[in-house]
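With mature numbering (1 follows the signal peptide of the UniProt record, and there is no 0) applied, the sequence shown corresponds to residues -27 to -1, 1 to 988, in that order.
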Amino acid sequence: MKNLRSFITSKLGLSIFILMSCIGMQAQNTITGTVKDSKSDQKIVGVTVSVKGTTNGTVTDFDGTYKLNVTDPKGILVFTYVGYSTIEEAINGRDVIDVSLKEESNALNEVVVIGYGSVKKTSATGAIASLKAKQLDAQSNTNLGSAIQGKVAGVSVESAGGGPGSGTRIQIRGAGSLNNNTPLILVDDIQVASMNSLSPNDIESIEVLKDAAAAAIYGSRAANGVVIITTKNGKKGDIKVTLDVFGGVASVTKQLDLLNQEQWAKVSNAAYAAAGKAPLDIALNPEVGGAGVNYQDEIFRTAPTQNYSLGFLGGSDNLKYSMSLNYYNQEGVIKETNYDRFNMRVKSDYKKGIFKIGETILLTKEKRKELPGVPGQGRNVLGSAITMIPGFAIYDENAIGGYGGASGSVTDIFNPVAALNLFDVTSDTYQALLNTYVEASFFKDFKYKLNVGATVSEYKRDNYTPRYEVGGFFKNLDNDLSHTDEFNLYTQVENTLNYTKSFGKSYVNALAGYTIYNNGFKSVVSSVSGIPDNIYVLAGAVQPAVTGYNLENNLVSYLGRVIYSYDSKYTLSATIRRDGSSRFSPDNKWGNFPSVSAAWGIGKETFFTNLKTPITDLKLRASYGVLGNQEIGDYQYLGLITSGISYGVGEPNTLWSGNIQTDSPGVGLKWESTETADFGLDLDLWNGKLQYTFDYFNKQTSDLLLRVPIPLSVGSNNNPYTNAGNVTNKGYEMSLTYNEKIGDFNFNVTGNFSSIKNNVDELSTGSQVLEGSGGSFHGAPVTYSKVGYPIYSFFLVDTDGLFRSQAEIDAHSKNGTLIQPNAQVGDIRYIDYNGDGEINGEDRQYKGSAFPKFEYGLRLQGDWKGIDCTIALQGVEGNKIYNGNNTDLQTVRSNINYSAATLDSYTFNPNSNFPRLDIDDKNNNGADYSDRFLEDGSYLRIKTVQVGYTIPNSITKQVSVDKCRIYFAGDNLYTFTKYSGYNPDVSADALGGRGIDYKSYPLSKTILFGLQLNF
């Protein structure tokens, strides 16, 4: 019996040992593999790999590989990654399982960022456009505003200038205000003045909130739309390094066709002869004058550009981080101008228990050498270059400074080469964006977030003018220096509480918040004259002139939003924000901005899915909301006092210092408000192969904040602000994306189209007309805001060809009196629009708008076996441009250089449509207020062409490189346009000068070569 027990015990122990060993061996069964992108064959980091039906899982590392212990050799592995289709793979006893993931083509499943949160696009009820990092990769331009040009329907992006480091002007769904139309721009939840200093390499996504429902959570700050920029986040895994380097050259796309010296003398002599005057000395003997100096050649150059971007990202389960360094240098296509930018970014988040903390730090340093202004008619270096008579020499060794210039009867043009080398205008901008947050999740469904941020910026500008003598008129006998120092501090504190709950088929997302914003600005300008040569500091200067001012404003807000969704088909959203602004009086300080919206996923309805159509998904949207605007500057509701004003009292007269009111108060100022209605649909066909979005909107802005003229007898020359007008913007926009794969060839086509009609409905300014800022030439305004027409439209006197005979001049009369009594054969005939028998500014008619009838963009992208190509086109149609340069170059009324078009004038060719030459111009052929200088501004631009090659991974992995791509690219390669100027999308000013081209820095084209490496 004892032996039996011993035998059983030993056998049982052996059986248990064997069983446990088998279990242990089964538990230690390890599966490894690699996850790649099916399209690019690149490894994917951060893919979740899990055993179906269990909590057992892991994620791929920076090599795209994973290792997972499994217990069931017949189990199923599930591979999931945001933006890609989820796939399942049966284990079937395998130890190595490699998979390739396909990008999720259904755009309705994308996650988009909204105010204080994010939602799936299928649940979004507002008009939101989203750009991901991949859509910016093929853009070689380092200006982020330019990078999005032509990519988002309803968003107009216009160059603020072609100079190095110049930014862009962005409008969303038209101009709704006569003041600031710039959208609210947020970078990682903190407001910034512009996106121009950001590096596109740092961007994870850009969301554009276009309607009131999407933007209402931001209240008064969102009247012009919202641009939400999210920088790149860290990812779980070992540290990953990316390097992007490119270099190239930029050049002007064209030069204006001007006269050489011999041609100029011919034209000038003809003009003087027509007036019965003797020719200028410099125009004598034109046949021996030669070509002279081409001043455009003297100021333009082929300019190098270079960019270096280095990025790091990685993390663990609890800590994720992302860092980057970027240096960009751009020499200007006009000599002696350049731009340097250095960016550093740090972003991380850490999660522990119920808490999560994170921060973003963005540091930027910009340095510019700017295009200086010049004295005289030229306005700036470019203006001087195109108006300088080619017969004048560049250099004069006997002059102070060593430069020649205009002399004799020609006195009002400054030597542009002298200006570039004598005047020194440099600026430095330092900016720090600091943002940190703390999140606490509690009671399962609640999340509290405290967000504290600040943007600090300092701008320093030095303008140095040495002693010089240029030509016979321009002299400066003292060295002059002025210094500008501006400091801006913006702070924000945001508290939000979020509740999310799913129960049955219902889903609720509720948000409540309280926010405080403060913005302070200081400016000091110092100047001095008579300092020693080559001294660029004010320290020690005798009695420098100093002026300055401080500004500050505050905004306090309460906000709330509720989103309810049922069965992922029906979604309702309601938002309210209450803003209190220090820019308005206590009686009008608060404004309420509500919105409501709804979406119906009709494509998910049973009756629709049973139709067996190619439609994968279809969603209908509708929204209505109210937004506000407070962008009028600080203290405008107060009557401002200026101190230090001296006045005389008594006999004998004694000077006393006192105070006067220099600004009239804006009595009763209140919020400018914008009501927007939007109706849209999102359509997905053939499983995401074709995606289409359409929106119709009507945006009405009332109680426009604008300055109205007051009589000088009031004692102030500053017009006060008042609420005095209404403006409507309505239109439609659409975007289309098509994806296709044929064997190894993948291609994608993305297009967008928008049409917006702008109209001034009311102007309570007395005259119902408002002159446009920046739209005046030689004292003649050319743009006006007038009821019944778009904002700042062109109102000009209509021309009707040339007088071909004296009989035509005599017939152009009113009650027997000649309408143009000074006209001669070959002069311009003007239309007497108001019928008073005279030609003057009262005969202006509406001649068009700077706003296009429609805008469009097209992007073609394809790749085949490592070779990729991207082509981006962008254009506008139906807009007008006032060519301010031609008001000088094509009017022979002053002694400057002229357009080559003058060679075909009536003086030399009686069949020409160009008026005769006469230096006295008694008929006023060069009238600035005529439509003679108005041109078609439509254009189609080849914005980007990029061709790249990615070296196979089987080769690059031999040197521990995950990805190596080389590429060639061209930006702004060619513009198809009828416009005769340098560039059809550069304006002389902001809104009031849109569509006016006057001596603006020309846009350049760039050819470059680049290298991208991932480690």
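All C-beta atoms in this analysis are idealised placements derived from N, C-alpha and C, irrespective of residue type, glycine included.
request  = In angstroms with no decimal places, state the Cα-to-Cα distance between K853 and I792.
outcome  = Taking the sequence shown and counting its residues from 1, one reaches residue 853 at position 880. Taking the sequence shown and counting its residues from 1, one reaches residue 792 at position 819. Spanning the two alpha carbons is a distance of roughly 28 angstroms.
task = Would you kindly work out how many angstroms separate the C-alpha atoms of K293 and S479, rounded to a whole number?
result = To locate residue 293, count along the sequence shown from 1; it is residue 320. To locate residue 479, count along the sequence shown from 1; it is residue 506. Roughly 33 angstroms separates the two Cα atoms.
key: Best match in G533, R440, T457, L454 for proximity to A483 [C-alpha to C-alpha]   = Stepping through the sequence shown from its first residue, residue 483 is reached at position 510. A483 has its Cα closest to that of G533, out of G533, R440, T457, L454.
request  = Could you have a look at D877 and say whether DSSP puts it in helix, strand or coil?
outcome  = Position 904 of the sequence shown, counted from the first residue, corresponds to residue 877. D877 falls in the helix class under three-state DSSP.
Proximity to E61 [Cα-Cα], best of T21, N42, V92, A97 = In the sequence shown, residue 61 corresponds to position 88, counting from 1. With distances taken between Cα atoms, E61 lies closest to T21.
query = Could you give the distance in angstroms between the alpha-carbon of K448 and the alpha-carbon of R440?
reply = Locating residue 448 in the sequence shown gives position 475, counting from the first residue. Locating residue 440 in the sequence shown gives position 467, counting from the first residue. If I take the Cα positions, the gap works out to 8 angstroms.
message = I'd like to know if W237 contacts chain B, where contact means its C-beta is closer than 8 angstroms to some C-beta of that chain.
response = Among the chains in the structure shown there is no chain B, since it carries only a single protein chain.
ask   = What is the DSSP secondary structure of A246, reduced to helix, strand or coil?
value = Here residue 246 corresponds to residue number 273 of the sequence shown, with the count starting at 1. Residue state, collapsed to three classes: helix.
message = Using 8 angstroms for Cβ pairs, my map puts V354 next to I307. What's the rounded Cβ distance?
response = Position 381 of the sequence shown, counted from the first residue, corresponds to residue 354. Position 334 of the sequence shown, counted from the first residue, corresponds to residue 307. Indeed, because the Cβ distance is near 6 angstroms, the residues count as touching under 8 angstroms.
key: Inter-residue Cα distance where the pair is E645 and A189   = On the sequence shown, residue 645 is found 672 positions in, with the first residue counted as 1. On the sequence shown, residue 189 is found 216 positions in, with the first residue counted as 1. Their backbone Cα atoms lie some 14 angstroms apart in a straight line.
key: Pick from V722, V959, A697 that is closest to E713, judged by C-alpha positions   = In the sequence shown, the residue the question calls residue 713 occupies position 740. Here the closest residue by C-alpha is V722.
ask   = Helix or strand or just coil, what does DSSP make of S356?
value = Position 383 of the sequence shown, counting from 1, holds the residue named residue 356. Note that residue 356 is Gly in the sequence shown, not Ser. Of the three classes helix, strand and coil, the one that applies to G356 here is helix, per DSSP.
task = Would you list the residues sitting across from N702 in a DSSP beta bridge?
result = Reading the sequence shown from its first residue, position 729 is the one you call residue 702. Answer is K672, N731, bridged to N702.
ask   = Would N863 pass as a contact of T880 if the rule is Cβ separation under 8 angstroms?
value = Numbered from 1 along the sequence shown, position 890 holds the residue referred to as residue 863. Numbered from 1 along the sequence shown, position 907 holds the residue referred to as residue 880. It should be pointed out that residue 863 corresponds to Gln in this sequence rather than to Asn. No. Outside cutoff.
ask   = Okay, do the stretch 723 to 730 and the stretch 695 to 706 touch, 3+ Cβ pairs below 8 angstroms being the bar?
value = yes
request  = Answer with buried or exposed for W837, where buried requires no fewer than 16 other C-beta atoms within 10 angstroms of its C-beta.
outcome  = Walking along the sequence shown from the start, residue 837 turns up at place 864. Answer is exposed; the Cβ neighbour count stays below 16.
ask   = What's the call for A173, buried or exposed, on a 16-neighbour Cβ count within 10 Å?
value = By one-based count along the sequence shown, residue 173 stands at place 200. Correcting the residue type first, residue 173 is Pro in the shown sequence and not Ala. Its Cβ being crowded by 16 or more others within 10 Å, P173 is buried.
query = Taking only runs of the beta strand (DSSP E) that begin and end inside the stretch 128 to 165, which ones reach a length of at least 3 residues, in chain order?
reply = 128 to 132, 141 to 145, 157 to 160, 163 to 165
ask   = Which whole-angstrom value describes the C-beta separation of L600 and G192, a residue pair presumed to lie in contact below a C-beta threshold of 8 angstroms?
value = In the sequence shown, the residue the question calls residue 600 occupies position 627. In the sequence shown, the residue the question calls residue 192 occupies position 219. Confirmed, about 7 angstroms.
Rounded Cβ spacing between N436 and N424 (contact assumed at less than 8 angstroms) = Position 463 of the sequence shown, counted from the first residue, corresponds to residue 436. Position 451 of the sequence shown, counted from the first residue, corresponds to residue 424. In fact, because the Cβ distance is near 39 angstroms, the residues do not count as touching under 8 angstroms.
task = Determine contact between the stretch 590 to 597 and the stretch 555 to 575, defined as no fewer than three beta-carbon pairs at a distance below 8 angstroms.
result = yes
ask   = Helix, strand or coil: how does DSSP classify A900 here?
value = Indexing the sequence shown from 1 puts residue 900 at position 927. Note: A900 maps to coil in three-state DSSP.
request  = Tell me whether the beta-carbon of P517 lies closer than 8 angstroms to the beta-carbon of V501.
outcome  = What you label residue 517 is simply residue 544 of the sequence shown in a count that begins at 1. What you label residue 501 is simply residue 528 of the sequence shown in a count that begins at 1. Yes.
message = Just to confirm my understanding: we take K577, look at its own chain, exclude 5 residues before and 5 after, and list those with CB closer than 6 angstroms. What are they?
response = Here residue 577 corresponds to residue number 604 of the sequence shown, with the count starting at 1. So the list reads K542, once near-sequence residues are dropped.
message = Closer than 8 angstroms is the cut-off here; do at least three beta carbon pairs connect the stretch 115 to 128 with the stretch 154 to 172?
response = yes
inquiry  = Here's the rule I'm using: 16 or more other beta-carbon atoms within 10 Å means buried, otherwise exposed. How should N691 be labelled?
reply    = Along the sequence shown, read from residue 1 onward, the residue named residue 691 stands at position 718. N691 comes out exposed.
ask   = Whose C-alpha, out of I158, P252, V32, is nearest the C-alpha of K239?
value = To locate residue 239, count along the sequence shown from 1; it is residue 266. The shortest C-alpha separation from K239 is found at P252.
request  = Following the continuous beta strand (DSSP E) through E412, name the residue where it begins and the one where it ends.
outcome  = Within the sequence shown, residue 412 is the residue found at index 439, counting from 1. Looking at the DSSP string, the run of the beta strand (DSSP E) that includes E412 is 397 to 415.
query = Helix, strand or coil: which one does DSSP assign to S170?
reply = As a first step, residue 170 must be located in the sequence shown, where it is residue number 197. Coil.
request  = List the residues that DSSP assigns as beta-bridge partners of Y268.
outcome  = Position 295 of the sequence shown, counted from the first residue, corresponds to residue 268. DSSP output for Y268 lists no bridge partner at all.
query = Is the Cβ-Cβ distance between L758 and A697 less than 8 angstroms?
reply = For the purposes of this step, residue 758 is taken as the residue at position 785 of the sequence shown. For the purposes of this step, residue 697 is taken as the residue at position 724 of the sequence shown. For the record, residue 758 in the displayed sequence is Ser; it is not Leu. In this structure, A697 does not lie closer than 8 angstroms to S758 by Cβ.
ask   = Which word fits K951, buried or exposed, when buried means at least 16 other C-beta atoms lie within 10 angstroms of its C-beta?
value = Numbered from its first residue, the sequence shown carries residue 951 at position 978. With fewer than 16 Cβ atoms within 10 Å of its Cβ, K951 is classed as exposed.
task = Identify the continuous beta strand (DSSP E) that holds G287 and give its terminal residues.
result = Numbered from 1 along the sequence shown, position 314 holds the residue referred to as residue 287. Note, G287: beta strand (DSSP E), 276 to 288.
Pair within 8 angstroms by beta-carbon distance, R905 and G848 = Walking along the sequence shown from the start, residue 905 turns up at place 932. Walking along the sequence shown from the start, residue 848 turns up at place 875. No.
request  = Over the uninterrupted alpha helix (DSSP H) stretch that includes T44, give me the two end residues.
outcome  = Along the sequence shown, one-based indexing puts residue 44 at 71. Run containing T44: none; DSSP gives neither H nor E here.
inquiry  = Taking the alpha-carbon of S103 as reference, which of E525, I924, I176 has the nearest alpha-carbon?
reply    = Residue 103 sits at position 130 when you count from the first residue of the sequence shown. Checking every option, the nearest Cα to that of S103 belongs to I176.
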